[in-house]
Every structure is written in structure tokens, then in C-alpha cells.
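S.K.:
In the numbering used here, the protein residues as written are 25 to 653.
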């Protein structure tokens, strides 16, 4: 029989959990550092900082490669008690200030105390701030004492450069070490030197989670996280993670949004994704040429035509009934662009004339009339703009007819023709630059409708439509019908395997129609939002429609070219857009250089620079080699 004492003696002879985590050696004799096994530990506490600090205190520390443990403690104080104490201190300081026999230094101290206390009380009472006691401790460690000392100086330098005051924790190294362990134990010996009060607005600066990392298995490389230099790979078609594949890209001219868009187009081309680009500024011609895409121009010098009256087999969508009814709705939007905002009576008249125009081509609300010999009718079977013009034959439609004259007989007569373009490439650029500022929206709308029908053909294929200067279609120069159509694309493109990308620098125009209703809808229906540098007025507009923090508003304003703030789902990441030299060449040069090509091998698409040895060149060129051919 083993007694209790013997049991304890046996138990003491075995390992327990403490044996696995406890150090084998601890030296507490040096006041400047703690020695544990093979490591030396020493630390710093931050003893003073601005009450409303507008920078992340821990950001610069985390970005270093220095080994350290950081602990942040805070204690919320009861507001009523704090106000009572502050009021008492204000009274005392006021009395001291009135006593002029004090030294200059004493008067300055009293004045500071008085003003500081008044400021804090105001923030607590008026701005609903809370008061906290804040403690920030840093324990650095290294296997080398000289390296440890060097790192301590470096960290102190970083903090002091930001206006923060620090203090070494000599003679308190043990307490600091314990306080920096994940034990939630704030040692009293440290609280004496580290306690400082801070308001809620300043407490935000201690937020430790300064960056996110996004590396998705099938994602494309976007750039690097500016906080920690980690790679950012995003698969916007990941329906398990994102509610849709839509994107918004906003930024001032020259901030980098066009470069970023081209980079997306290039990398998505290599993945075999179908892409359609509305290009008002002729930004994307070079990249289209270099990637084997198609550039479709419409304008006075072009022989490309799109018939606005086309009804295509893909025009109808799920839960929609009636090809003609659906088409007339879209045409009302288009003619609103030409005629100006129509009232209900004018809409009714226009609709009547549109129905008559299609009826003359034997197309009615009966969908069967759109078939000819069992096949869907071609564009040649559709009316054109001139047919509607000739149908404006009474006094009610006189002003409509006058406004259509440029489209029939004038500078815009290229709109009056049958569609003659093919969309058989995976990258198609719609160049509407020649239309000019006033007429550009007509071409943008035509192409958007055409591309939208193309997108709906095959749900299994990934595709994307890029709407550059989207404000022209949903801003104040547009109308509700067109804006509704664009919003519908953003709302429903997901089910067709697609992605809509809104690009603009004119944010104020984007939110100008219907009090920003459509701009907001586009923004809310985009899982990925990218903000390059913006002016103050545009940041204020975005603030109304996004959850930008105060810190992020400052960051957006000061971003450099190629830098952006990305909202990727719930993550907010400061990103530096990165591209290889080869990618830059492909995006910017007029054409690929001699010997360079984009090669499609099955589903793989590879950019290749063809290389050959001198020997191979001679063989290819059939020159003599050792006297033989």
C-alpha cells in the first residue's frame, strides 16, 4: 500500500506541462537586461504621446524585422468621476495662475494643466469621448547583447521621431518580461511609470492589426501590401468569398488607375477571360494590339456601324417577357440622351412611334415575329434610325425629327446604318474617342448594350466589362433609364459569370444623378473597391457612401502614383501596384517588338520572347556551315 507522501514523491519524479515551457536558466542580476537561456531581454515603455494621435503607434514597429513582444493595456475610467476630478483641477490651476508671485516655470505648468484639463473636459462632455489609462510595453530580445542594444536604440529613435517619449525599464526587466507575456498581467511596478491618460480618438492609434494579407489560390497578382510588403493575389471570381466580381476604380488623373486597369486586362487575358472595354479616351489601343485583341471605332472616319434598333437573341433575360417590350425600354433610355429628359406624354408618343417602326418590319410584341424560316432575324431585318425619322410625320413629333437630323443627314449619320462588326475576339476595345465630348455617351451606350448581350451568351465562361468614365452613363448628363440599365448590369452580371468594372476620376459627377442613387448602387454592388489618390472634395463625397476611417481619408489624399487603398471584401489594404518591365512594355509600346509574341497553348497563354543561338540562326537562314547547306 502506497501512502499519500509516497505518491507525491513519485509524482515529483515525472515531467509535467511546466517542465516543457519553463526555461532552464534565468539571470536577474543585470538591471539593464534579463538573461533567459540563450536570449537577452530588455524593454521600453512609452511614457508620453499626443492625446489625439493621428498615426498608428505600432505600425512602424511591426514593419521592422526586430524581434519583440508588444503589450497594450488600457483601463476605461468612469466619465462622471473624471469630469468631477477635472473640474476640481481646473479650479486649483486657476487659483495658481492668479498668484503672480510664482516663478515663470510654475506659471507655465499651471497654465498647461489648466488648459489641458479644460480641453479634456470639453471632449468628454461635448464630443462624447471616453477617458482611458493607457500602457504600452515593448520587450526586445536577441542572442547578442550588442545587437539588443542596437535594436533598443533603433526602436527608441523610431518612436521619438514620431514625437513619442520613451523610457528604458532598467531595474524592472522581470516585471516587463511578465507583462509582455500572454498572461494579461500588468505589473504594478510598471504601471507607475507607464500610466498616461488618453481619449478614445487617441486610443485608435494603438490598433495593432494594421494590415491584411490576401493570397488566393487562383487569384492574379495585383501588387504588394505597403505595410508588410506581402503579395496580394485576388480572385474576384471567387463566389465563395465575394458576393460578386464587380470592381470600382477611382482616382485623379495621373494617379495610376488607367495603368492598373491595363494591368488587370493583361493578366486576365493570359487567363483566357473574355474582356470588353468602353474606351472614351483612347487609352487601351496599344494593349489591345499587343495582345491580339480587336479595336472597334465608331465615328466620322470609321466604317464600323452599330444599329441601335437591333434585337438580338440574347437581348432577353431571365424573368423578362417580350423581346420588343424589353427593347423599347432600352430605346427610351437612348433617346432620352438625344432628346433630353422626356415627360410621360412624350415617352408615350415616342413609344407609339417605335412600335409602328418595328411593325413596318413585321416585328410585333409576338416573339415569333422575330424568327424567319426558323432562325432568329438578322440585323438586316431590323429597322434603322432613318425608319424612325420618317415615322415622325405629325406635329407631335416635330421636335424629335429636328433633333434627329444630325443622325440622319449630318455629322452623326454613321449611327444610321446596319451593324457590321464582329465580336469574335476575347479582348475587344470600343473606341468612342472620335465622337467628341458631347456625343460620346451615345457610343458608350450602344457598345454597352452590345457587349451586355454578348456577355449573356455563355454563363460558363468568365468575362468582364470595363466602363471607363462611367459617370457619362450614370451621372447628371445621362438619365434614369440609362442609369437603371447600367445598374442592372452590375446587379445581375454575376449569374452570367461576369464582372463589371466602373472607372472614373469624376466622382462628383458619378453621384450627381438622383442624389447619388445610382452611383451609390454601383459602389455597393462592387465587392472590390480601389481608391487611388483623390482630391479633398472627392474624399468628402466618398465618405458619405463608404466606411472610410479618419486614417484612411488622410492616406487616400497623400497616396503617390501607383499606390491605392483597396477594399477587398471586408479587408482594407494599402497597396502598391506592381508590374514587370515586360508587362509595362506590352501595356505602353505601340506594338510588340520583333521576336516577341503572345502564345496560346490550349488554355495556357504565355508571353514569349523568341530566342535562338547563332548556330540556329544560320540553319534557319540556310547559310553555309562548314561548307554544307
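All C-beta atoms, glycine included, are put in the ideal place defined by N, C-alpha and C.
What three-state label does DSSP hand residue 635 in the structure shown?
M.R.: In the structure shown, residue 635 sits in coil (DSSP, three-state: anything other than H, G, I, E or B).
S.K.: What runs of the beta strand (DSSP E), each 3 residues or longer, lie entirely inside the region 581–618?
M.R.: Listed in chain order, they are 587–592, 595–601.
S.K.: With a cut-off of 8 angstroms, does the C-beta of residue 400 fall near any C-beta of chain D?
M.R.: Here chain D cannot be found, since the structure has a single protein chain.
S.K.: Could you tell me which whole alpha helix (DSSP H) segments of length 4 or greater appear in the region 438–521?
M.R.: If we require 4 residues or more, the alpha helix (DSSP H) runs fully inside the region 438–521 come out as 460–479, 495–498, 504–516.
S.K.: Under 8 angstroms: do the region 359–377 and the region 386–401 share three or more Cβ pairs, one atom per stretch?
M.R.: In short, these stretches do not touch, since the Cβ pair count stays below three.
S.K.: With DSSP collapsed to three states, give me the class of residue 283.
M.R.: Of the three classes helix, strand and coil, the one that applies to residue 283 here is helix, per DSSP.
S.K.: Tell me whether the region 320–329 and the region 457–465 touch, counting them as touching only if at least three CB pairs, one residue from each stretch, are closer than 8 angstroms.
M.R.: The region 320–329, when compared against the region 457–465, does touch it at the 8 angstroms Cβ threshold.
S.K.: By how many angstroms is the C-alpha of residue 385 removed from the C-alpha of residue 368?
M.R.: Residue 368 and residue 385: Cα-Cα distance of roughly 26 angstroms.
S.K.: Following the continuous alpha helix (DSSP H) through residue 389, name the residue where it begins and the one where it ends.
M.R.: Where residue 389 is concerned, there is no enclosing alpha helix (DSSP H), given that its DSSP letter is neither H nor E.
S.K.: Taking residue 303 as part of the beta strand (DSSP E), name the residues at either end of that continuous run.
M.R.: Start and end: 298–303.
S.K.: Would you mind stating whether residue 432 and residue 328 have Cβ atoms separated by less than 8 angstroms?
M.R.: Not a contact, by the Cβ cut-off of 8 angstroms.
S.K.: Would residue 256 pass as a contact of residue 247 if the rule is Cβ separation under 8 angstroms?
M.R.: For residue 256 and residue 247, yes; Cβs fall inside 8 angstroms.
S.K.: What residues match up with residue 525 in a beta bridge as DSSP calls it?
M.R.: DSSP output for residue 525 lists 271, 490 as bridge partner(s).
S.K.: Just mark residue 596 as buried or exposed, buried being the case when its beta carbon has 16 or more other beta carbons within 10 Å.
M.R.: Looking at its Cβ environment, which holds 16 or more other Cβ atoms inside 10 Å, residue 596 is buried.
S.K.: Grouping DSSP H, G and I as helix and E and B as strand, with all else coil, what is residue 536?
M.R.: Residue state, collapsed to three classes: coil.
S.K.: Between the C-alpha atoms of residue 478 and residue 599, what's the straight-line distance to the nearest angstrom?
M.R.: Roughly 33 angstroms between the two C-alpha positions.
S.K.: In three-state DSSP terms, what is residue 23?
M.R.: Residue 23 cannot be examined here, being either before or after the span of the chain that is shown, 25 to 653.
S.K.: Looking at residue 332 and residue 409, is the spacing between their C-beta atoms short of 8 angstroms?
M.R.: A contact, by the Cβ cut-off of 8 angstroms.
S.K.: Using three-state DSSP, classify residue 329 as helix, strand or coil.
M.R.: Note: residue 329 maps to coil in three-state DSSP.
S.K.: Please name the residue in 434, 334, 453 whose C-alpha comes closest to that of residue 402.
M.R.: Residue 334 is the option with its Cα nearest to residue 402.
S.K.: Just to confirm before moving on: does the CB-CB distance between residue 92 and residue 188 stay below 8 angstroms?
M.R.: It is not a contact, given that the beta carbons lie outside the stated cut-off.
S.K.: For residue 472 versus residue 451, is the C-beta distance shorter than 8 angstroms?
M.R.: No.
S.K.: For my contact list, residue 376 and residue 503 are in at a C-beta cut-off of 8 angstroms; report their separation, rounded to the angstrom.
M.R.: Incorrect: roughly 20 angstroms between the Cβ atoms, too far for contact.
S.K.: With contact counted as at least three CB pairs below 8 angstroms, one residue from each stretch, are the region 277–295 and the region 506–520 in contact?
M.R.: Short answer: they don't touch.
S.K.: Mind the definition here: the region 100–109 touches the region 162–176 only if three or more C-beta pairs lie below 8 angstroms; say whether that holds.
M.R.: The region 100–109 is not in contact with the region 162–176.
S.K.: Spell out a yes or no on whether the region 291–307 and the region 572–592 are touching, meaning 3 or more CB-CB pairs, one atom from each, closer than 8 angstroms.
M.R.: Flag = no, the region 291–307 and the region 572–592 do not touch.
S.K.: Tell me, to the nearest whole angstrom, how far the beta carbon of residue 547 is from that of residue 581; I am working on the premise that it is less than 8 angstroms.
M.R.: With 8 angstroms as the limit, residue 547 and residue 581 do not qualify as a contact, their Cβ atoms being about 19 angstroms apart.
S.K.: Which residue comes first and which comes last in the alpha helix (DSSP H) that contains residue 181?
M.R.: It spans 169–185 - the alpha helix (DSSP H) in which residue 181 sits, taken as one unbroken run.
S.K.: Which value, in whole angstroms, describes the spacing of the CA atoms of residue 139 and residue 113?
M.R.: Between residue 139 and residue 113, the C-alpha separation is close to 10 angstroms.
S.K.: Go ahead and pull the three-state DSSP assignment for residue 560.
M.R.: Residue 560 falls in the helix class under three-state DSSP.
S.K.: What does the Cβ neighbour count give for residue 414, buried or exposed, with the cut at 16 atoms within 10 Å?
M.R.: The residue is exposed, with fewer than 16 neighbouring Cβ atoms inside 10 Å.
S.K.: Can you tell me which residues form a DSSP beta bridge with residue 145?
M.R.: The partner list for residue 145 (beta bridge, DSSP) is empty, contrary to what the question assumes.
S.K.: Using only the alpha-carbon positions, how far apart do residue 531 and residue 463 sit?
M.R.: Those two C-alpha atoms are separated by around 21 angstroms.
S.K.: Leaving out five residues before and five after residue 524 in sequence, what residues of the same chain have Cβ atoms less than 6 angstroms from its Cβ?
M.R.: Contacts found: 270, 489, 513, 514, 517.
S.K.: Is the beta carbon of residue 167 sitting closer than 8 angstroms to the one on residue 62?
M.R.: In this structure, residue 62 lies closer than 8 angstroms to residue 167 by Cβ.
S.K.: Would you decide whether residue 453 is buried or exposed? Buried here means 16 or more other CB atoms lie within 10 Å of its CB.
M.R.: Residue 453 should be labelled buried.
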